[in-house]
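Asker: Chains as they are written, first to last, in my numbering: chain A, 278 to 590; chain B, 351 to 748. Mind having a look at this structure? Questions to follow.
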Amino acid sequence: MMRCHIHGIGTMSIGPDAPFADTTAVMETLPIKDYVKPKVSRRFGRLSKMIYIAGSRAIEDAEVADPTAIPIVNATCMGETNASLGLLEQIHSTKGTLISPAFVPNSVHNAPAGYLTIGLKNRAPSVTVSQGWLSSEAAVAAATDFLFTEIADEVLVLCGDECDPNWVTRLDELGASHLARAVERESLQEGAVGLVLGTEAKDADLGSIAAIVVRGKPDAGTINALLEKNGVTPGKEAEVRVRINAGGEPLRRAAAEALSRPVATVHLDGPGPGTVQAASFNALAAAARDPAKKELLVLAAEVEDLAFLHWQR
Amino acid sequence: VKQVKTVVTGIGAVSSIGPDAAALLRGLREATPAFGPTRRYDVGFEITVGEARADCFASHPYNDMDSPTGRLCLQAARECAADAKRRGSGPPDGLVLGTSTGGQSQNEEAFFSIMDGEPPAVFNYRRTGCMAAPARLVARDLEIEGPVQTVSTACTSSANAIALGAAWIASGRCERVLVGGGDALCYTTLSSFRILELTGPAICRPFGKDRPGLTLGDGAGFLMLESKERVAASGRRALAELLGFGMSSDAHHMTAPPEDGAGAERAIRGALENAGKSPEAVSYVNAHGTGTKLNDAAEASAISRIFGDTPIMSCKGLVGHTLGGASGVEAVASVLSLCHGIAFENTGASEAAEDCPVSLIGPGGTPIPEDAVVVSTSFAFGGNNCVLVFAGALGGAS
């Protein structure tokens, strides 16, 4: 499997100790004005703002020579959720006769990437992928395809999701407390991460990554076969982490058996700087910035999909 | 961009015309759309759509993964896998599925029930509501044990999925990839396109005079892609060759193309370059041709600059705009065209409007050679453009 070299990293997430309930307040102060004119950003939803900031920071960090020409791979599970929910509320109350046209362009999953291309005047290829909670891994896989087919030698990879504590409140108000509790159990956080990946090493310290999503069982045999088929052999010192939201305890046991070593269950998706989509990327960003870290393997499973993201310096 | 060198060894399609590729072929030959008022959706406005019949939605035992888009995709994906098997191909070992709605119908049902004070006992967004739900259903049903990817770039979703799948073949990640996608109608799309005044009760007439806008439809289309070299070595015949693809972004507006179709032009030129073909080598263009004023004029402008008088047609006058499934259905139509040596007519309009300086393929279609080259264009909200180039596989039809 082809490995991509990390040229730059940009993150947009709330502080490590910020509770879920503070998310809205924090996000209202998003520094979007630092990156794009209000005239352009006025129609952005929250996710588009986060993606825009993370992407801009990654481009800065990588010192991308021409931001108008770098291809984009964007990933999100839920998209601009508040736009979609707003649409549904209006459709329900008016039988679709009176809805806000402003919600419509934001309701497609490629809205954040579309806004980014407009803001950056970027006319390069762009793809948005969405594979549930495994979308960030899917994005790296798609970026690898872009690099392999020589669409460019550098790709901007983005992932993010928005969430809103008001969803829980609203579900409770509507008498759907059991669904509200189910949302709470997901421990959602919002945020975005951008990576600039390339075929050649630009900054050796940031390392390289490989990732893929396959349909497979979270058992030891399948994990071993998956890693072997994709040319990933974790070293003895490699840190192995399992995303709790995506797979959880059964995956941790299977990973420990597959790799013959203890594997910590790390709540990457829970409160803290991790977010739903950006969890894996945040983990590798933290590792890449820690000189002591040499290798990281993040495993995740959801429904019937199995994914890994492998980073090494 | 590296050439992908892949061939098509199976096809499957479902639309308002019928539950399989054979029905689509009949429809393309006869130019007989099946549009009408919506029967499935209780909306407060008049709208004409291309709704698929009940037999177009595959039955399956996986209630935990069910969605209308999933069932449409499954119908076409099963047909595609079976078609490839008949031609000596093995089962798919990868899936790239494009969709713009995914499990949105399930989200709507759950949301409306909650609003009505009757919330569902259980709602599993990850299994039925999320964008990846149709791909997971198809992968489970066809027992695909390899890479799975969902692409969601609105109306270019399937074209981008086909391009990524071709890269999987070229890189050796997979031997046989099922690519394409689909979208079932839902309240969200019906209401959204209506409020943007892009659709209504009138039937679409791509590139035609006084065109009233688009007609939405249900649809899904899939191809089985394999390595050209591998298929040739095994002595099998392909249906067509996927010569190349081109992608671009408009960087202009979220829902409207630039008037001159500059983004479309970049994607078309990129696809031709990737395919190693000149515009003169192209027999006809299977255009995006939604039937809206802005899209058709911009696309026609780009096509006329690149191809001059090369004839064009759009499938949307026949099956409607099937959104994320459109480029999947149109890829299947392009392959059918190559297999049967005919460029099908532009259903809905035989004379182009003044603002569309293109030559439309008229009633009865027009013959094309066995080694013809077809360009299939797709454009989407967010200014996303993807163009595919197919060629005849010299005697591959059966």
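Where a beta carbon is used, it is the ideal one built from N, C-alpha and C, also for glycine. Values in this document were obtained by computation on a predicted structure and should not be read as measured data.
Which residue marks the beginning of the alpha helix (DSSP H) containing A:R538, and which one marks its end?
Answerer: Locating residue 538 of chain A in the first sequence gives position 261, where the first residue counts as 1. From DSSP, A:R538 is part of no alpha helix (DSSP H); its letter is neither H nor E.
Asker: On a CA-only basis, which of A:Y392, A:D343, A:Q408, A:T288 is nearest A:R492? Give me that one, please.
Answerer: As a first step, residue 492 of chain A must be located in the first sequence, where it is residue number 215. When only C-alpha atoms are compared, the closest one is A:Q408.
Asker: Looking at C-alpha atoms only, which residue of B:R476, B:T672, B:Y537, B:V635 is the closest neighbour of B:S664?
Answerer: For the purposes of this step, residue 664 of chain B is identified with residue 314 of the second sequence, where counting begins at 1. A check of alpha carbon separations from B:S664 across B:R476, B:T672, B:Y537, B:V635 identifies B:V635 as the nearest.
Asker: Any beta-carbon of chain A closer than 7 angstroms to the one on B:Y537?
Answerer: Locating residue 537 of chain B in the second sequence gives position 187, counting from the first residue. It does: the Cβ of B:Y537 has a partner Cβ on chain A nearer than 7 angstroms.
Asker: Less than 7 angstroms between the beta carbons of A:P402 and B:F731, yes or no?
Answerer: On the first sequence, position 125 is the one that residue 402 of chain A refers to. On the second sequence, position 381 is the one that residue 731 of chain B refers to. No.
Asker: Would you check if the region 417-434 of chain A and the region 355-370 of chain A touch, i.e. whether three or more CB-CB distances between them fall below 8 angstroms?
Answerer: These segments do not touch.
Asker: Can you tell me whether B:E591 is buried or exposed? The criterion is at least 16 other CB atoms within 10 Å of its CB, across all chains shown.
Answerer: Mapped onto the second sequence, residue 591 of chain B falls at position 241. The residue is buried, with at least 16 neighbouring Cβ atoms inside 10 Å.
Asker: I need the straight-line Cα distance from B:H602 to A:K398, nearest angstrom please.
Answerer: Your numbering for residue 602 of chain B matches position 252 in the second sequence. Your numbering for residue 398 of chain A matches position 121 in the first sequence. Between B:H602 and A:K398, the C-alpha separation is close to 8 angstroms.
Asker: For a contact defined as C-beta to C-beta under 9 angstroms, what are the partners of B:A489 on chain A?
Answerer: Position 139 of the second sequence, counting from 1, holds the residue named residue 489 of chain B. Within 9 angstroms Cβ-Cβ: R492, E581, D582.
Asker: Using DSSP bridges, identify the partner residues of A:A281.
Answerer: In the first sequence, the residue the question calls residue 281 of chain A occupies position 4. The residue you asked about is not Ala; residue 281 of chain A is Cys in the sequence shown. Answer is A:I486, bridged to A:C281.
Asker: Residues of chain A with a CB under 8 angstroms from the CB of B:C480: which are they?
Answerer: As a first step, residue 480 of chain B is located in the second sequence; it is residue number 130 there, counting from the start. Under the 8 angstroms cutoff, chain A gives C354, M355, S407, G409.
Asker: Output yes if chain B places a C-beta closer than 7 angstroms to the C-beta of A:R280; else output no.
Answerer: Along the first sequence, read from residue 1 onward, the residue named residue 280 of chain A stands at position 3. With 7 angstroms as the cut-off, A:R280 does not count as an interface residue toward chain B.
Asker: Return the chain-ordered list of same chain residues with a C-beta closer than 7 angstroms to the C-beta of B:Q454, the five sequence neighbours on each side being excluded.
Answerer: Reading the second sequence from its first residue, position 104 is the one you call residue 454 of chain B. If we look at B:Q454 and ignore the five residues flanking it on each side, its Cβ neighbours are C536, T538.
Asker: Could you spell out where the alpha helix (DSSP H) holding B:C554 opens and where it closes?
Answerer: One-based indexing of the second sequence puts residue 554 of chain B at position 204. B:C554 -> no alpha helix (DSSP H), and no H or E assigned at all.
Asker: Over what stretch of residues does the alpha helix (DSSP H) that includes A:H587 continue unbroken?
Answerer: Taking the first sequence and counting its residues from 1, one reaches residue 587 of chain A at position 310. A:H587 -> not in any alpha helix (DSSP H); beta strand (DSSP E) instead, spanning 582-589.
Asker: When the Cα atoms are used, what is the spatial distance from A:A388 to B:A583?
Answerer: For this step, residue 388 of chain A is matched to residue 111 along the first sequence. For this step, residue 583 of chain B is matched to residue 233 along the second sequence. For A:A388 and B:A583, the distance between alpha carbons rounds to 43 angstroms.
Asker: Helix, strand or coil: how does DSSP classify B:S599 here?
Answerer: Indexing the second sequence from 1 puts residue 599 of chain B at position 249. Under the three-state reduction of DSSP, B:S599 is assigned to strand.
Asker: Within the same chain, show all residues whose beta-carbon is closer than 7 angstroms to that of A:T499, passing over the 5 residues directly before and after it, in chain order.
Answerer: One-based indexing of the first sequence puts residue 499 of chain A at position 222. G493, L583, listed in sequence order.
Asker: List the residues of chain A whose Cβ lies closer than 7 angstroms to the Cβ of B:N645, in chain order.
Answerer: As a working mapping, residue 645 of chain B is identified with position 295 in the second sequence. What B:N645 touches in chain A: nothing, since even the nearest Cβ is about 15 angstroms away.
Asker: Are any of the Cβ atoms in chain B nearer than 7 angstroms to that of A:V385?
Answerer: If you number the first sequence from 1, residue 385 of chain A lands on position 108. With 7 angstroms as the cut-off, A:V385 counts as an interface residue toward chain B.
Asker: Between B:D610 and B:V501, what straight-line distance do the alpha-carbon atoms span, to the nearest angstrom?
Answerer: In the second sequence, the residue the question calls residue 610 of chain B occupies position 260. In the second sequence, the residue the question calls residue 501 of chain B occupies position 151. Here the C-alpha atom of B:D610 lies approximately 27 angstroms from the C-alpha atom of B:V501.
Asker: Tell me which residues of the region 420-439 of chain A have at least one Cβ-Cβ distance to chain B shorter than 7 angstroms, keeping chain order.
Answerer: D422, F425, T426, E427, I428
Asker: If contact means a Cβ-Cβ distance below 7 angstroms, which residues of the region 547-565 of chain B contact chain A?
Answerer: none
Asker: Taking C-beta to C-beta, are B:L447 and B:G531 nearer than 7 angstroms?
Answerer: Start at 1 with the first residue of the second sequence, and residue 447 of chain B comes out as number 97. Start at 1 with the first residue of the second sequence, and residue 531 of chain B comes out as number 181. In this structure, the beta-carbon distance from B:L447 to B:G531 falls below 7 angstroms.
Asker: Out of B:P717, B:A647, B:N696, B:A637, point me to the one whose CA is closest to B:A681's CA.
Answerer: One-based indexing of the second sequence puts residue 681 of chain B at position 331. Closest by alpha carbon: B:A637.
Asker: Sort out for me which residues DSSP pairs B:Y391 with in a bridge.
Answerer: Residue mapping note: residue 391 of chain B aligns to position 41 of the second sequence, counting from 1. Under DSSP, B:Y391 shares a beta bridge with no residue.
Asker: Of all Cβ atoms in chain A, is any one closer than 7 angstroms to the Cβ of B:T503?
Answerer: Residue numbering aside, residue 503 of chain B sits at position 153 when the second sequence is read from its first letter. B:T503 counts as touching chain A.
Asker: With B:Y634 as the anchor, note down where its beta strand (DSSP E) starts and where it stops.
Answerer: The count along the second sequence starts at 1 and reaches residue 634 of chain B at position 284. Unbroken beta strand (DSSP E) run through B:Y634: 634-637.
Asker: Rounded to the nearest angstrom, how far is the Cβ of A:T371 from that of A:A390, given a contact under 8 angstroms?
Answerer: Counting from one through the first sequence, the residue named residue 371 of chain A turns up at place 94. Counting from one through the first sequence, the residue named residue 390 of chain A turns up at place 113. Incorrect: roughly 30 angstroms between the Cβ atoms, too far for contact.
Asker: Along chain B, in chain order, which residues have C-beta atoms closer than 7 angstroms to that of A:V540?
Answerer: For the purposes of this step, residue 540 of chain A is taken as residue 263 along the first sequence, with counting starting at 1. Contact of A:V540 with chain B by beta-carbon distance below 7 angstroms is absent, the smallest such distance being about 23 angstroms.
Asker: Quick one: is B:G714 buried, meaning 16 or more other Cβ sit within 10 Å of its Cβ, or exposed?
Answerer: By 1-based counting over the second sequence, the position of residue 714 of chain B is 364. Per the 10 Å Cβ criterion, exposed.
Asker: Does any residue of chain A bring its CB to less than 7 angstroms from the CB of B:E591?
Answerer: Here residue 591 of chain B refers to the residue found at position 241 when the second sequence is read from its first residue. No, B:E591 does not count as interfacial toward chain A.
Asker: Can you confirm whether B:G420, when its beta carbon is compared against all beta carbons of chain A, has any partner nearer than 7 angstroms?
Answerer: On the second sequence, position 70 is the one that residue 420 of chain B refers to. For B:G420, the answer is no, since every Cβ of chain A falls outside 7 angstroms of its Cβ.
Asker: Determine the direct distance from the alpha carbon of A:D480 to that of A:D218, and round the result to whole angstroms.
Answerer: With chain A covering only 278 through 590, there is no way to say anything about residue 218 of chain A.
Asker: Would you identify the three-state DSSP class for A:G468, choosing helix, strand or coil?
Answerer: Your numbering for residue 468 of chain A matches position 191 in the first sequence. Reduced to three states, the DSSP call for A:G468 is strand.
Asker: Give the residues of chain A in contact with B:T605, contact being defined as C-beta atoms less than 8 angstroms apart.
Answerer: In the second sequence, residue 605 of chain B corresponds to position 255, counting from 1. Per Cβ cutoff of 8 angstroms: V381, P382.
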